[in-house]
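Under full-length UniProt numbering, the first residue of the sequence shown is numbered 1, with each subsequent residue one higher.
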Amino acid sequence: MIHSRIEPVVDPQLPKEQAGFRRGRSTVDQVTLLTQDLEDSFQAKAKAGVVLLDLTAAYDTVWHRGLHLKLLRTIPDRHMVNFIMEMLSNRSFILQTSDGQRSRLRRLRNGVPQGSVLSPMLFNIYIFDLPVTTSRRYGYADDLAIMLHQPTWKAVEEGLNQDMDVLAAYLRSWRLQLSTGKTVSAVFHLCNREARRELEISVENKPLEFQQAPKYLGVRLDRTLSYKQHLDEVRAKVTARVSLIRRLAGTTWGASAKDVCGWLGQLAGQEWSLWKRLCRWMAMSSL
Numbered sequence: 001m002i003h004s005r006i007e008p009v010v011d012p013q014l015p016k017e018q019a020g021f022r023r024g025r026s027t028v029d030q031v032t033l034l035t036q037d038l039e040d041s042f043q044a045k046a047k048a049g050v051v052l053l054d055l056t057a058a059y060d061t062v063w064h065r066g067l068h069l070k071l072l073r074t075i076p077d078r079h080m081v082n083f084i085m086e087m088l089s090n091r092s093f094i095l096q097t098s099d100g101q102r103s104r105l106r107r108l109r110n111g112v113p114q115g116s117v118l119s120p121m122l123f124n125i126y127i128f129d130l131p132v133t134t135s136r137r138y139g140y141a142d143d144l145a146i147m148l149h150q151p152t153w154k155a156v157e158e159g160l161n162q163d164m165d166v167l168a169a170y171l172r173s174w175r176l177q178l179s180t181g182k183t184v185s186a187v188f189h190l191c192n193r194e195a196r197r198e199l200e201i202s203v204e205n206k207p208l209e210f211q212q213a214p215k216y217l218g219v220r221l222d223r224t225l226s227y228k229q230h231l232d233e234v235r236a237k238v239t240a241r242v243s244l245i246r247r248l249a250g251t252t253w254g255a256s257a258k259d260v261c262g263w264l265g266q267l268a269g270q271e272w273s274l275w276k277r278l279c280r281w282m283a284m285s286s287l
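This is the structure we're talking about:
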């Protein structure tokens, strides 16, 4: 009920690059947007660098006082803001071990409830004022990425390093923790002579890991956007599950091929369309 009341007011104020849990937006949109921008850099014969940011326990580290301030900026009704903050502030927990021992009652002073329909919107509000960067930004809740293309690698590295300093300072000021161990950089270009080129990006004097083919929102992106590695991973996953179906759905025993496909198809995630094709093929084979 609260979500439906505040969504029409909050959604227009969120930046367009933030697509997380918003009506009519999805992970597919963000992956398509990023890859299209990379394709445009290929057409311009430019060199593109990407940094995929990882936040440590993003939802659990939301600073309540900071969230209160940003709610007041985005929601004109103070009574609604106070009601939301009252919900967040009166939360506590007790830890109980397997042998029956219990800890004392502890109050949660940070974070938004995991699994709540309201939490993604509250997090979007919390980071709605991300600072302006030279790089283009892409966001899906706490999955953030920046991309910059320039004529030279030196310009790419300088721009990304400056933007990472700006973002790191913002995250630190609002008590969000950037995981430098999981934040990675990558390059995208069509020059095979520079296939081994790596970016030198650092945050607070800590170098970021470089990956040849990082995964963004479930899609493996290689240097030339051939998607070969991603398709190989999908094929291996589907092959393993097809083998499982063959063992479970016999011609004279066990569940029918249609029932097993419907049950296991949910596990395929983004490859659901492949499962529907397999279901039709197995149905035809059983005739």
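Just so it is clear, CB atoms sit at the ideal spot from N, CA and C, and this is done for glycine as well.
Here the structure is a predicted model, which is why all the values come from computation and not from measurement.
Under the assumption that residue i contacts residue j (Cβ atoms under 8 angstroms), give the Cβ distance between them as a whole number of angstroms.
i: Val50; j: Ala186; result: 5 angstroms
i: Leu67; j: Leu122; result: 6 angstroms
i: Thr27; j: Tyr140; result: 6 angstroms
i: Asp143; j: Leu231; result: Their Cβ separation, rounded to whole angstroms, is 22 angstroms, which puts Asp143 and Leu231 out of contact at 8 angstroms.
i: Gly159; j: Thr134; result: 5 angstroms
Might you give, ordered along the chain, the residues of its own chain that have their beta carbon closer than 7 angstroms to the beta carbon of residue i, omitting 5 neighbours on each side?
i: Phe93; result: Arg106 and Leu108
i: Lys16; result: none
i: Ser179; result: Asp54, Leu55 and Thr56
i: Met164; result: Val51, Ile201 and Val203
i: Asp37; result: Arg136 and Met147
i: Val219; result: Val31 and His230
For residue i, which residues from the same chain have a beta carbon less than 6 angstroms from its beta carbon, with the 5 sequence-adjacent residues on both sides left out?
i: Met87; result: none
i: residue 288; result: The chain is shown only over 1 to 287; residue 288 falls outside these bounds and no answer can be derived.
i: Glu198; result: Phe210
i: Val112; result: Tyr59, Val62, Ser119 and Leu122
i: Ile131; result: Correcting the residue type first, residue 131 is Pro in the shown sequence and not Ile. Result list for Pro131: Val166 and Tyr170, in chain order.
i: Arg102; result: Ile94 and Gln96
Could you tell me the alpha carbon to alpha carbon distance between residue i and residue j, rounded to whole angstroms?
i: Gly20; j: Ala213; result: 23 angstroms
i: Lys47; j: Phe188; result: 7 angstroms
i: Arg78; j: Val62; result: 20 angstroms
i: Ser226; j: Arg91; result: 48 angstroms
i: Arg73; j: Phe128; result: 11 angstroms
i: Gln211; j: Asp54; result: 14 angstroms
i: Arg193; j: Lys215; result: 24 angstroms
i: Asp40; j: Ser89; result: 47 angstroms
i: Phe83; j: Lys45; result: 53 angstroms
i: Leu148; j: Val31; result: 16 angstroms
i: Leu13; j: Ile125; result: Reading off the sequence, residue 13 comes out as Gln, not Leu. If I take the Cα positions, the gap works out to 9 angstroms.
i: Thr97; j: Leu176; result: 30 angstroms
i: Leu190; j: Leu221; result: 14 angstroms
i: Pro76; j: Gln18; result: 22 angstroms
i: Arg246; j: Trp174; result: 52 angstroms
i: Gly100; j: Asn110; result: 27 angstroms
i: Asn205; j: Gln229; result: 32 angstroms
i: Arg223; j: Val238; result: 24 angstroms
i: Ala155; j: Val184; result: 18 angstroms
i: Pro207; j: Gly24; result: 37 angstroms
i: Arg22; j: Gln162; result: 29 angstroms
i: Phe42; j: Trp153; result: 14 angstroms
i: Pro8; j: Ala145; result: 26 angstroms
i: Tyr138; j: Ala240; result: 33 angstroms
i: Leu244; j: Glu157; result: 46 angstroms
i: Ala236; j: Arg172; result: 40 angstroms
Short of 8 angstroms in beta carbon distance, which residues of its chain neighbour residue i, apart from the five on each side in sequence? Order them along the chain.
i: His3; result: Val117, Leu118 and Met121
i: Met80; result: Ile2, Arg5 and Ile6
i: Pro151; result: Ala46 and Lys47
i: Val10; result: Thr74, Ile75, Met121, Asn124 and Ile125
i: Arg104; result: Ile94
i: Met85; result: His64, Leu67, His68 and Leu71
i: Ala168; result: Leu178, Val203 and Glu204
i: Asp29; result: Ala19
Is residue i near the ligand ZN, going by C-beta to nearest heavy atom under 7 angstroms?
i: Arg104; result: With respect to the ligand ZN, the structure shown offers nothing to examine, as it has no ligands at all.
(request) With a floor of 4 residues, list each alpha helix (DSSP H) that falls wholly inside the region 51-126, ordered by position along the chain. (result) If we require 4 residues or more, the alpha helix (DSSP H) runs fully inside the region 51-126 come out as 64-74, 78-89 and 119-126.
(message) Could you tell me which whole alpha helix (DSSP H) segments of length 4 or greater appear in the region 126-189?
(response) With a minimum length of 4 residues, the continuous alpha helix (DSSP H) runs that stay inside the region 126-189 are 153-173.
(request) Starting from the N-terminal side, write out each stretch of the beta strand (DSSP E) that is 3 residues or longer and does not extend beyond the region 2-38. (result) When DSSP assignments are scanned along the region 2-38, no uninterrupted stretch of beta strand (DSSP E) that is 3 or more residues long falls wholly within it.
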